[in-house]
Amino acid sequence: MLKIGSIGAGGRGRLCKLAHRPEQGFELAAICDTNPQVLADYRREFGERLRVTSSYRDLLEGGELDIVFVTTPDYLHEEHAVAALSRGKAVYLEKPMAISIAGCDRILATAARHQAKVYVGHNMRFFPVIQKMKQWIEEGRIGQVQAIWCRHFIDYGGDAYFKDWHSEQRHTTGLLLQKGAHDIDVIHYLAGAYTVRTVGMGKLSVYNQVQDRRRPEEPGNASFVRAHWPPLAQTQLSPVIDVEDHSMMLMQLANGVQASYCQCHYAPDGMRNYTIIGTQGRLENSGDASSGSQWATVHLWNRRCAGACRQGTLMEAIPPIEGSHGGADPLIIDGFLDYVRGGAQAGATAIDARMSVAAGYQATVSLRQGSVPLEVPPLPTQGWG
Ligand SMILES: NC(=O)c1ccc[n+]([C@@H]2O[C@H](COP(=O)([O-])OP(=O)(O)OC[C@H]3O[C@@H](n4cnc5c(N)ncnc54)[C@H](O)[C@@H]3O)[C@@H](O)[C@H]2O)c1
């Protein structure tokens, strides 16, 4: 039986429960969280045999663990992943890998030095719409990919990112990296290359106008409440907000593909809308089926048609599949557990994850320095692997 521990077991950390599969030889054995309520809830669910602690060092000192989930807030990923990897644990690390390029490189170096596996939670790679677009690209249906554009509308932005730790640069670097890490990785995946140069633009345009703030001593409280509308009527926002609430980045990829990613945290609707343009056509998704019972569609235009031709020359409906994030979460846990057991790595590699952070980080620096274009540092040639 492989024993699993979790650092940051509340919130997104509940993902570790999907890996608790005693019948397959994986058992959740210990959790760490600084919120006593989270510890009590797990105790109630898993009973006395589950070790619970508020210290990640205690969790790791126990020595019985083979696998550790690191699902704490972004600014803690580097510390927690390095601690687990340096004890030789296989680590499932939530995205973004870290909040800096140096942080990612330290994680990679530690994993290499201790020959420990690190797998980053880029669950969007498992979205059925992304898989469908990748399949059609690989089948040559749009010829050679030249340009990719992604527009990202976030309907729960004010609720989830401007009421807790996400709202501060010191915790995320910025939301272009924090949230965009998913999409930058998907763009790299669909294009088949990493970003080498980027330029960013963005600003804090709406939530800085909201006067209703929680007191600094009150805990952050992310929520998802549809009635919180319009954005300027939001209440109990973080006392410190210094991240952008809309941002854009342009990317030049190593294989010549050019891409853009635009993110807005005060949209009324929630969706990622990708279009991929090649030498013989264009693809686009409508809806991303990332939650609940939503269907999505993927459209292909590969011959000229009169006017807008909204449905495309081919349209495929993508049904929702069971499980959180449109079924992507159970799939990524399947992939991770298989990888731990020696299977091939499905989904993003740790290097893919580093490169998405690197592009998002540089774009954020660019936007804060007057939109100067910046090179994306390649992987260091020494110090790991
Ligand atoms: N892949 C995805 O789709 C996805 C979705 C949501 C969040 N995330 C990522 O998951 C991570 C967690 O996000 P979240 O929204 O659940 O955050 P959160 O603020 O809810 O924190 C997660 C848990 O970590 C605990 N925690 C905080 N500090 C800790 C510490 N020092 N030691 C131990 N536990 C600690 C919190 O009490 C909480 O239970 C982030 O990196 C986020 O970017 C990924």
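Heads up: the sequence shown begins at 9 in my numbering, then just goes up one per residue.
In this text, a Cβ means the ideal position worked out from N, Cα and C, and glycines have one as well.
Spatial distance of residue i from residue j (CA atoms)
i	j	result
S374	I115	24 Å
P388	Y127	19 Å
A316	W309	10 Å
P239	D277	12 Å
A367	E252	17 Å
E7	T283	Any answer about residue 7 is impossible in this case: the structure gives the chain only from 9 up to 393.
A235	Q217	19 Å
H130	L101	9 Å
N43	A352	36 Å
R65	E86	14 Å
T372	L322	37 Å
A201	M363	10 Å
G70	D82	24 Å
R318	V153	21 Å
A267	A38	42 Å
P30	L36	8 Å
K140	T305	10 Å
G378	V214	20 Å
P227	D172	8 Å
I145	A199	9 Å
L84	A91	11 Å
Y274	Y369	22 Å
Q123	G19	29 Å
Q219	Q244	9 Å
Contact check, residue i vs residue j, beta carbons under 8 Å
i	j	result
G335	G343	no
L183	H174	yes
R133	Y197	yes
A168	A117	no
G16	T80	yes
G33	L10	yes
I109	P385	yes
F54	Y164	no
V137	I326	yes
Y269	C158	yes
V348	K97	no
V265	A361	no
I285	T180	no
L73	G13	yes
H307	G320	yes
V365	A241	no
I195	M105	no
heavy atom of ligand 3 below 7 Å from residue i C-beta
i	result
Y64	Among the ligands in the structure shown, ligand 3 does not appear; only ligand 1 can be found there.
Assigned exposure category for residue i - 16 Cβ within 10 Å defines buried
i	result
G393	Note that G393 has pLDDT 44, beneath the 50 cutoff, so the model's placement of it is unreliable and the number below is only indicative. By the 10 Å Cβ count, G393 comes out exposed.
Q143	exposed
L26	buried
R312	exposed
N293	buried
T287	exposed
K187	buried
D191	buried
V380	exposed
L193	Here residue 193 is Asp; the residue named in the question, Leu, does not match the sequence. Result: buried.
G350	exposed
R178	exposed
D346	exposed
Rounded Cβ spacing between residue i and residue j (contact assumed at less than 8 Å)
i	j	result
C24	L67	C24 to L67, Cβ: 12 Å. No contact.
A262	V207	Between V207 and A262 the Cβ distance is about 16 Å, and since that is not below 8 Å, they are no contact.
C272	I341	With a Cβ gap of about 30 Å, C272 and I341 do not count as contacting.
R221	S246	7 Å
R170	A297	In the sequence as presented, Arg is not what sits at residue 170; that position holds Phe. Rounded, the Cβ-Cβ distance is 26 Å, inconsistent with contact.
M256	M209	5 Å
H254	K211	7 Å
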